[in-house]
Amino acid sequence: MACSGGGGHGQPSSAILSPVTPGSLSTSRTRAHSICMVSDFFYPNMGGVESHIYQLSQCLIERGHKVIIVTHAYGNRKGIRYLTNGLKVYYLPLKVMYNQSTATTLFHSLPLLRYIFVRERVTIIHSHSSFSAMAHDALFHAKTMGLQTVFTDHSLFGFADVSSVLTNKLLTVSLCDTNHIICVSYTSKENTVLRAALNPEIVSVIPNAVDPTDFTPDPFRRHDSVITIVVVSRLVYRKGTDLLSGIIPELCQKYPDLNFIIGGEGPKRIILEEVRERYQLHDRVRLLGALEHKDVRNVLVQGHIFLNTSLTEAFCMAIVEAASCGLQVVSTRVGGIPEVLPEDLIILCEPSVKSLCKGLEKAILQQKSGALPAPENIHNIVKTFYTWRNVAERTEKVYERVSGEAVLPMDKRLDRLISHCGPVTGYIFAFLAVLDYLLLVFLRWMTPDSIIDVAMDATGPSGAWTHQNPDTTQRVENDEVLDTPR
Amino acid sequence: MEDERTFSDICGGRLALQRRYYSPFCREFCLNCPRLSLRSLTAVTCTVWLAAYGLFTLWENSMILSAAISITLLGLLGYLHFVKIDQETLLIIDSLGIQMTSSYASGKESTTFIEMGKVKDVVINEAIYMQKVIYYLCILLKDPVEPHMISQVVPVFQSAKPRLDCLIEVYRSCQEILAHQKATSTSP
Amino acid sequence: MVLKAFFPTCCASADSGLLVGRWVPEQSSAVVLAVVHFPFIPIQVKELLAQVQQASRVGMAVLGTWCHRQQEPEESLGHFLEGLGTIFSHEPWLQLCRERGSKFWSCKAIHRQVSAAPDVPSEDQVMLIFYDQRKVLLSQLHPPTVVSDHQDGDTMASTGGLAVVFDTVARSEVLFCSDQYDEGPVRLSHWQSEGVEASVLVELAKRASGPVCLLLACLLSLISAASGCRLWKLWPLPFIRSKLSTCEQLRHRLDHLTLVFSTQKAQSPAQLMRKANMLVSVLLDVALGLMLLSWLHSSNRIGQLADALVPVADHVAEELQHLLQWLMGAPAGLKMNRALDQVLGRFFLYHIHLWISYIHLMSPFIERILWHVGLSACLGLTVALSILSDIIALLTFHIYCFYVYGARLYCLKIYGLSSLWRLFRGKKWNVLRQRVDSCSYNLDQLFIGTLLFTILVFLLPTTALYYLVFTLLRLLVVTVQGLIHLLVDLVNTLPLYSLGLRLCRPYRLAAGVKFRVLEHEVGRPLRLLMQINPLPYSRVVHTYRLPSCGCHPKHSWGSLCRKLFFGELIYPWRQGGDKQD
């Protein structure tokens, strides 16, 4: 657990290699926690946060904790579902506002969230992603209800433009009385500490992980007569699709034996299509459209070089996946990316067309001269770096520490809000916190905790879920077929 | 053969569960909701009439008063006849079927009978209902084309909404009969 | 599995004898149809059963014995009944017994062959289910079972459990035809129809219906042949016909009548019900129409109407003129583009002038036209209503014209603006790929485009105002026409016969069955009463709704608003289908 504020920046791969400091935290586990993961982003939506929540929950279940996930309804998928190993997911019918994030009034989600927290006997609320309004709502309500809170930040933000100033202010409010914060890289930690004006001691760094067994190399799938560059990302501005559209024609003119495979969907796809049409590259640039997570590996193994053009990134899982498949990675030097892979596995460039082209040319030369290690060797190196079990272990220590802490009582919380978040915002949110508390008192009067049915535990120490035949032994059966995501 | 126990519904109201065991293969469960209380009836009527009287003093049109009276009467009739359910019954007969009856406060009864051949199982499920997450008992119906799929989920005790302890009571009984049914139908 | 014995309530007071019925092995249920009384000769009973089986294709058998102890218990009868089991071998053998003074019956089912020791017959759990034979015979299960193969009754067993019971009872109608008082070789006890009242009249009607149908069918075919004649296919006529709701309604009614009076027999109960519904609907329609006719032609109402009509049309035109003059000034304090405003206003004013002169030209003939139109009410209320709708459409033709002009202008501007806005951003619409591409324009193009864009933007409010006002007027007319059309549709589609049947004979349309547990004593078989669960009214309407003219609003509210915003033409419902094809 690297929770002290030592500067990890400029020290690549320190996130992986920093040893778990033994101390008061690493006492032997005494009890199982009941954890509620809250985020707007979960399957069937696809992305890094979603798979992080899923994998972390699975590993925590394996370690004997009770885990439930709360997210909003996706189209027809609403209500309550069970995923693999009895992972219970609540898809709440809340309105989606923008980019799969729910609209927030700060209060309307309280009745449902309170009901769930009470009936599942939740002890720790773990919110994910600062883009998710529901995660912040849950933090707010959990603090009102006196539950322990943990927050994981998955993204980086700027400080200059209007939107980030506003978001940062909200983050300050949201995190000022949260028990513990987890970041995915040191860059991300630095960023979060600055944005939310936090005490660095309550911020831990736990990197993301990939499942190395899912991303194994397969050199026979690629054609060695040509060199193939693979790009897998959402085609949006943040992921640098505009840079990609500059790189493609330049390199294709220079190297006639160069192909591109681009997986992903997004509003910027049209730019790539235009580039392809303008330079007549239909046979050399393949646009695959949206990929399912299980297909990503099959796309990756078809290439020699993986290109990542992100403009901002807290921890890039894509490059780890690509490296795990044995590809040479070329990436921009932004955010937490330099920490992720050791220097001999990655070529870092500035986020400009020229610099990226140079980096790619270097990679192509290495590939042609055969100077690169074999895919299996790369895979064997990478697979030791990031595993979900390790992540779950470290997260468990955070929970252990948090469960020993006291939650701020209401008056202290108000004091802290006012003193910590500036005069205007502080008073506004202190007032809102009081309102939230009053609403909670009203709800407790309307439906006392005693008449809320305690839910059957599917996971955890008294979990009813069995691996053999979940249908027959399960008292509480779910309405749909048990579906694993992916 | 017949006993009565009290449970509570999800809002804390009182429910009476009557169980009648006619024979080993025929059981009936009867959930009685509390009757329409005089207090709430008076409260609603008074509110409507006070509002009507307020409007009457404002506009001085006696039509408003008569309209208020007729609205209250019609509303009460409609409520008793279409909304307020006093009693819900689940009758399960081995090798014949499951019958659900709901009796309205006005005496109207609506009955649904599901043949045993269509029933796949009886389970307790969870659902998000209003601002609550509740357990409910439901009957799963077989898909006529593919017998392993579920074509429909029929909720039981829809208006009473008892709590989990009551549901488990009914569920166990139903499962006993279903198990007997499955055991005998496979080896006739 | 529990053995279920379905027993008709009408046989509960019958004398002792044999139970005759059908055995369904899949569900282990015995459907008792009748009781055979003593004395009988076993051969004759078997012959009768064979006859019935041949006629109804239902596997009939003697299921067991029935013992009704009215007097003191007779020891000998019990032995005798047991002995019968050896004559009519059936597996299992039912022994049903009703004791005097006791409400509870006893019932035993005895297996002979299965048990190891032949002396100790094994017994099953038995459940007695009483049913009303008449209601079950007459009722029709919903939804109807699809399998209706008449070849073999035993394949029916694969369909749902209770459907078999219904099917068995319905098919063995032959059994119930034999009269109780006939001195046949075998005496039976079962449900018996008391005979139709006024059966002479019914018989007469039945006899007469054939020739009447034939005659009417001939007449109708003549009419349809005349309407199919080539003269009607000349150019403007089909177009006009498709626009007039009267023609549609007439054709619809003609179809109904040909179906009702077709000489073919109805294939299925559903078809029969449909025919009856159509007939009742037509009759009601004509009755209402005649009432309207008598009301119209009494005390010179037509003349009053005609006198009122012209001033109303004048008044409407006048109001429109006022509206236009208001628009040509500064409506609601808005400052419009004066030149365009004047041009549009004058154009519309001239139109109204034309319209008024047209109405005045027509005014002497209006009364006569109305009188003839009134006559059409004898064809039915719906026809009269359709004609009313058409008249409204004709009288508000000027509003329609204004709307079309306004909409076209507005539409042109909106499209121009949207494509110029794309030019503004360096994009263009790619027609081949159906998407927006980026495109680099040269300076002149950009300059001209920007100029045009500015002009269009500044002229837009004027056009939009005219468009808005006339669209509102048009929507008003469309709403009125729509309401009339809804009324016509209601009369056309409401299944009145089925509703009447549901009201007076609820058991005829069955949604299923319901059971009631009768009083019960430990150790005796469970007794259930099976009742017919009638179909709810909403389901009746849903199931037996007659097909409407197929002119429902095709677009939702959202798409309607979108169309209005982009200035696309909206039509009343009748033409909606034609336009979208």
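Chains as they are written, first to last, in this note's numbering: chain A, 6 to 491; chain B, 25 to 212; chain C, 605 to 1185. Backbone N, C-alpha and C define an ideal beta-carbon position, used for all residues, glycine too.
Item: Look at the alpha carbon of A:Pro272 and the alpha carbon of A:Tyr103, and state the distance between them as a whole number of angstroms.; Value: 15 Å
Item: Under 8 Å between C-beta atoms, does C:Gly1119 make it to chain B?; Value: One detail in the question is off: residue 1119 of chain C reads as Phe in this sequence, not Gly. Answer yes: the Cβ-Cβ gap between C:Phe1119 and chain B drops below 8 Å somewhere.
Item: Would you call the CB atoms of C:Met640 and C:Ser776 closer than 8 Å?; Value: Going by the sequence as given, residue 640 of chain C is Val instead of Met. Result no, Cβ atoms of C:Val640 and C:Ser776 do not sit closer than 8 Å.
Item: Residues in the same chain with beta-carbon distance under 6 Å from C:Asp723, minus the five sequence neighbours each way, listed in chain order, please.; Value: Unreliable positioning characterises C:Asp723 in this predicted model, as indicated by a pLDDT of 44, which lies under 50. The coordinate reading is nonetheless provided below. Answer for C:Asp723: no residue qualifies.
Item: Roughly how many whole angstroms lie between the Cα atoms of A:Asp300 and A:Val306?; Value: 10 Å
Item: Assign A:Ser380 to one of two classes, buried (16 or more other C-beta atoms within 10 Å of its C-beta) or exposed (fewer than that).; Value: It is Pro, not Ser, that sits at residue 380 of chain A in the sequence shown. With 16 or more Cβ atoms within 10 Å of its Cβ, A:Pro380 is classed as buried.
Item: So, C:Asn881 versus C:Leu1150, is the Cβ gap smaller than 8 Å?; Value: yes
Item: Using the Cα positions of A:Gly80 and A:Thr107, report the straight-line distance between them to the nearest angstrom.; Value: 13 Å
Item: Let me make sure I understand the geometry here. Which of A:Thr400, A:Phe162, A:Val335 and A:Leu445 has the alpha-carbon closest to that of A:Leu249?; Value: A:Val335
Item: Checking contacts by CB at 8 Å: is C:Ser1042 closer than that to chain A?; Value: yes
Item: Inspect the beta-carbon positions of C:Lys1118 and B:Thr135 and report whether they are closer than 8 Å.; Value: yes
Item: Can you tell me whether A:Thr76 is helix, strand or coil according to DSSP?; Value: strand
Item: Please say whether C:Arg1131 and C:Trp709 have beta carbons closer to each other than 8 Å?; Value: yes
Item: Of all the CB atoms in chain C, is at least one closer than 8 Å to the CB of A:Glu279?; Value: yes
Item: Sorted by chain position, which residues of the same chain lie with C-beta nearer than 8 Å to C:Gly1053's C-beta, five sequence neighbours on each side aside?; Value: Leu1024, Leu1027, Phe1028 and Tyr1045
Item: Would you kindly check if the distance between the Cβ of C:Leu944 and the Cβ of C:Thr1066 is under 8 Å?; Value: yes
Item: Which word fits C:Cys615, buried or exposed, when buried means at least 16 other C-beta atoms lie within 10 angstroms of its C-beta?; Value: buried
Item: Taking only the alpha-carbon atoms, compute the straight-line gap between A:Arg289 and A:Leu161 and give it to the nearest angstrom.; Value: 34 Å
Item: Measure from the C-beta of A:Arg124 to each C-beta in chain B and report whether the shortest distance is under 8 Å.; Value: yes
Item: Taking only three categories from DSSP, how would you classify B:Pro179?; Value: strand
Item: Have a look at C:Ala665, C:Phe644, C:Ser617 and C:Asp771 and flag the residue whose alpha-carbon is nearest the alpha-carbon of C:Glu703.; Value: C:Ser617
Item: When you compare only the Cα positions, how much space is there between C:Ser828 and C:Leu858?; Value: 8 Å
Item: Using the C-alpha atoms, what's the distance from C:His955 back to C:Ile1018?; Value: 25 Å
Item: For B:Asp145 and chain C, any beta-carbon pair shorter than 8 Å?; Value: no
Item: Are the CB atoms of A:Val403 and A:His113 within a distance shorter than 8 Å?; Value: no
Item: Can you confirm whether A:Pro49, when its beta carbon is compared against all beta carbons of chain B, has any partner nearer than 8 Å?; Value: no
Item: Shorter than 8 Å from the beta carbon of A:Asp458 to some beta carbon of chain B?; Value: yes
Item: Determine, for C:Arg1039, whether the minimum Cβ-Cβ distance to residues of chain A falls below 8 Å.; Value: yes
Item: With C-beta atoms as the reference, is A:Arg36 less than 8 Å away from A:Ala397?; Value: no
Item: Could you check whether the stretch 307-325 of chain A touches the stretch 208-225 of chain A, counting it as contact only if at least three pairs of C-beta atoms, one from each stretch, sit closer than 8 Å?; Value: yes
Item: Does the Cβ-Cβ distance between A:Ser227 and A:His309 come in under 8 Å?; Value: It should be noted that the sequence gives Arg, not Ser, for residue 227 of chain A. In this structure, A:His309 lies closer than 8 Å to A:Arg227 by Cβ.
Item: Quick check on DSSP: helix, strand or coil for B:Thr20?; Value: Since the first and last residues shown for chain B are 25 and 212, residue 20 of chain B lies out of range.
Item: May I ask you to list the residues that DSSP assigns as paired with C:Ser710?; Value: C:Cys701
Item: So B:Val178 and B:Leu165 are in contact, right, with Cβ under 8 Å, and what is the actual spacing, rounded?; Value: 6 Å
Item: Can you say whether B:Tyr77 is buried or exposed, counting buried as having 16 or more other CB atoms within 10 angstroms of its CB?; Value: exposed
Item: What are the residues in the stretch 115-129 of chain B lying within 9 Å of chain C by C-beta distance?; Value: Leu115, Ile117, Asp118, Ser119, Leu120, Gly121, Gln123 and Thr125
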